[in-house]
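This report refers to the structure that appears directly beneath it.
Residue numbers (the numbering used here), protein chains in the order written: chain H, 1 to 418; chain S, 1 to 90.
See the structure below:
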């Protein structure tokens with residue numbers, strides 16, 4: 001891998017940027033790999049990178065049916081945070097945030113981590129209690145959390161309507177200062193380049209159509225580019241975990257739902273914090289290009305369509321205008337949808353599946369992007385050692401039948417309610 | 001925008017309805033083995049294609065009914081009432 005640096009930038013500028021090397025190879029699949037990863041998004045590429053980097057497994061292929069980062073890696077709203085209440089979530093997502101903090105240096109690729117803070121607004125006394133409780137739980141787990149008063153929020157975010165007669169009056173907020181945003185495409189590209197340089201074969205436009213099983217253990221995959229032999233398969237396919245697991249006869253506690261997001265036209269810097277409101281079901285941040293990036297709830301019905309319907313867009317925009325009346329003059333530029341694998345307790349499944357040699361990281365509900373580095377890290381650990389890392393030991397498939405669900409919201413087995 | 005055909009009221013805007021999930025689930029007998037209950041409570045077919053699901057017409061007749069809808073396109077293929085009551089699986 002040719003390192004990116006100020007010297008390579010100056011050198012290539014002098015030659016008119018005509019001589020940059022390709023960031024990764026475009027190999028044909030071999031007949032046999034030690035590990036095959038299904039899915040070339042952030043999670044799959046991170047898994048391959050950590051398999052090579054941490055466990056010395058370099059005879060690894062990543063199979064992607066489309067192009068790198070073309071699924072949910074390119075469709076999320078780029079927010080990273082670890083403001084969770086329950087211990088398994090708090091420790092897992094904080095590993096992720098710690099990896100985000102130094103990922104640009106580790107990958108030699110600028111992923112543009114911006115610790116601009118994530119602020120959860122609260123609107124009622126009951127919400128203050130819940131935010132204080134979660135903030136205290138975070139601090140006990142060694143995670144930064146800070147409760148802000150209405151006055152502190154009004155000073156920090158001047159265009160937020162903090163007046164007492166707002167439609168949803170703001171009474172405070174829970175801030176995680178280390179939370180923020182990361183450039184989503186750069187995550188896929190950075191992991192792909194680093195994994196490729198360690199010998200991982202990244203094969204695009206190669207769809208897995210079947211999983212071969214012999215004597216209750218995986219022996220390979222059937223793909224649109226032919227059969228590939230392997231004794232270990234990691235599934236990292238975002239919104240299609242049910243379909244891929246079904247190829248191995250495994251049924252998952254997952255429903256796939258559509259989540260929409262949208263951006264305004266780009267404007268000069270107006271918002272330097274990620275702001276969310278659970279009561280209004282709304283969150284917003286400003287991208288480095290200047291667009292206001294926002295989203296809200298699921299559309300609330302099973303979907304694989306990667307697009308939603310207008311009522312939820314209206315809901316999100318009305319939430320935006322209730323909190324930020326001054327954004328009413330902006331035009332909405334683009335909306336899109338991504339498919340969320342919603343589990344029955346709102347927490348992911350990372351670990352072994354009931355077929356020998358088959359592993360998955362999935363069921364990310366709508367929290368997959370921020371988990372990318374830690375997901376890859378513990379998924380690679382689990383594949384390499386055939387046992388879970390302590391930080392994903394709780395996220396098993398079996399937890400549902402054992403009564404060990406990790407239900408952050410306490411919503412019960414209604415996947416669209418998490 | 002989805003136009004959902006309520007079998008009692010006719011086609012109405014989706015904002016009048018609440019989603020109720022997979023309509024093919026059948027509650028096991030009370031003495032069924034625990035694995036049958038785990039399957040019923042947690043596991044889903046989650047099909048990529050036609051999906052039988054429950055909807056509730058909360059802003060209309062306040063009835064539950066069944067819809068068959070394609071999860072790849074959101075196209076609604078048919079809708080039906082859910083009576084007579086479905087017998088529990090043996």
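Virtual Cβ for every residue (Gly too), placed ideally from N, Cα, C.
Close-in-space but distant-in-sequence residues of the same chain around residue i (CB under 8 angstroms, 5 per side omitted)
i                      : result
residue 79 of chain H  : 118, 179, 180, 181, 274, 283, 285, 369 and 370
residue 94 of chain H  : 82, 141, 142 and 143
residue 85 of chain H  : 133, 134, 137, 138 and 408
residue 403 of chain H : none
residue 23 of chain H  : 189, 192, 193 and 196
residue 131 of chain H : 120, 122, 147, 172, 173 and 174
residue 72 of chain S  : 48 and 49
CB contact flag (residue i, residue j, <8 angstroms)
i                      : j                      : result
residue 50 of chain H  : residue 380 of chain H : yes
residue 198 of chain H : residue 334 of chain H : no
residue 89 of chain H  : residue 120 of chain H : no
residue 29 of chain H  : residue 172 of chain H : no
residue 341 of chain H : residue 256 of chain H : yes
residue 50 of chain S  : residue 70 of chain S  : yes
residue 62 of chain H  : residue 44 of chain H  : yes
residue 349 of chain H : residue 338 of chain H : no
residue 195 of chain H : residue 52 of chain H  : yes
residue 281 of chain H : residue 315 of chain H : yes
residue 76 of chain S  : residue 2 of chain S   : yes
residue 391 of chain H : residue 91 of chain H  : yes
residue 261 of chain H : residue 295 of chain H : yes
For residue i, the residue or residues it bridges with in DSSP
i                      : result
residue 6 of chain S   : S:10
residue 301 of chain H : For residue 301 of chain H, which the question treats as bridged, DSSP gives no partner whatsoever.
residue 283 of chain H : H:276 and H:295
residue 255 of chain H : H:342
residue 80 of chain H  : H:180
residue 396 of chain H : According to DSSP, residue 396 of chain H bridges with nothing at all.
residue 18 of chain S  : S:56
residue 262 of chain H : H:294 and H:335
residue 60 of chain H  : H:35
residue 118 of chain H : H:176 and H:274
residue 101 of chain H : Partner(s): none; residue 101 of chain H has no beta bridge.
residue 79 of chain S  : S:67
Heavy atom of the ligand MN within 7 angstroms of residue i beta-carbon
i                     : result
residue 67 of chain H : By its list of ligands, the structure shown contains no ligand whatsoever, and the ligand MN lies outside what it can speak to.
Other residues of its chain near residue i: CB distance less than 7 angstroms, five sequence neighbours each side excluded
i                      : result
residue 209 of chain H : 222, 223 and 224
residue 326 of chain H : 159
residue 54 of chain S  : 20, 21, 23, 64 and 66
residue 328 of chain H : 321
residue 90 of chain S  : Unreliable placement is indicated for residue 90 of chain S, whose pLDDT of 49 sits below 50; the coordinate value is still reported in the next sentence. Contacts found: none.
residue 207 of chain H : 65, 223 and 224
residue 139 of chain H : 145
residue 373 of chain H : 46, 96, 99, 100 and 103
residue 19 of chain H  : 12
residue 60 of chain S  : 6, 9, 12 and 16
residue 229 of chain H : 31, 32, 219 and 220
residue 25 of chain S  : 40
Residues of its chain near residue i, where Cβ-Cβ distance is below 6 angstroms and the 5 sequence neighbours each way are ignored
i                      : result
residue 106 of chain H : none
residue 276 of chain H : 120 and 283
residue 298 of chain H : 257, 259 and 416
residue 42 of chain H  : 73, 187, 188 and 372
residue 113 of chain H : 100 and 182
residue 375 of chain H : 43 and 361
residue 420 of chain H : What is shown of chain H runs 1 to 418, which leaves residue 420 of chain H out entirely.
residue 56 of chain S  : 18, 20 and 64
residue 108 of chain H : 3 and 4
- Item | Segment contact flag, the region 137-151 of chain H with the region 289-304 of chain H, C-beta cutoff 8 angstroms, min 3 pairs | no
- Item | Within the region 312-364 of chain H, ranges of the beta strand (DSSP E) (whole runs, at least 3 residues) | 332-343, 349-352 and 358-362
- Message: As an exercise, report each continuous alpha helix (DSSP H) stretch of at least 4 residues that is fully enclosed by the region 31-75 of chain S, in chain order.
- Response: 34-42
- Spell out a yes or no on whether the region 38-47 of chain S and the region 243-257 of chain H are touching, meaning 3 or more CB-CB pairs, one atom from each, closer than 8 angstroms. With a cut-off of 8 angstroms, the region 243-257 of chain H and the region 38-47 of chain S count as touching, because enough Cβ pairs lie within range.
- Query: Would the region 7-16 of chain H and the region 187-204 of chain H be scored as touching if the rule is three or more Cβ pairs under 8 angstroms?
  - Reply: no
- Message: Give the list of continuous beta strand (DSSP E) stretches no shorter than 3 residues that lie fully inside the region 201-253 of chain H.
- Response: Fully enclosed beta strand (DSSP E) runs of 3 or longer: 201-203, 208-214, 217-223, 226-229 and 233-235.
- Item | Every unbroken beta strand (DSSP E) inside the region 140-195 of chain H [3 residues or more] | 146-149 and 172-176
- Between the region 62-74 of chain H and the region 183-199 of chain H, are three or more C-beta pairs nearer than 8 angstroms? yes
- Message: If contact is defined by three or more beta carbon pairs under 8 angstroms, each pair taking one atom from either stretch, is the region 225-243 of chain H in contact with the region 36-48 of chain H?
- Response: yes
- Query: Should the region 247-265 of chain H be regarded as contacting the region 339-356 of chain H, the criterion being three or more beta carbon pairs within less than 8 angstroms?
  - Reply: yes
- Message: Taking contact to mean 3 or more Cβ pairs, one atom from each stretch, closer than 8 angstroms, check whether the region 259-272 of chain H and the region 331-350 of chain H are in contact.
- Response: Yes, they touch.
- Counting Cβ pairs, one atom from each stretch, are 3 or more of them under 8 angstroms apart for the region 393-406 of chain H and the region 94-109 of chain H? Verdict: no, contact absent.
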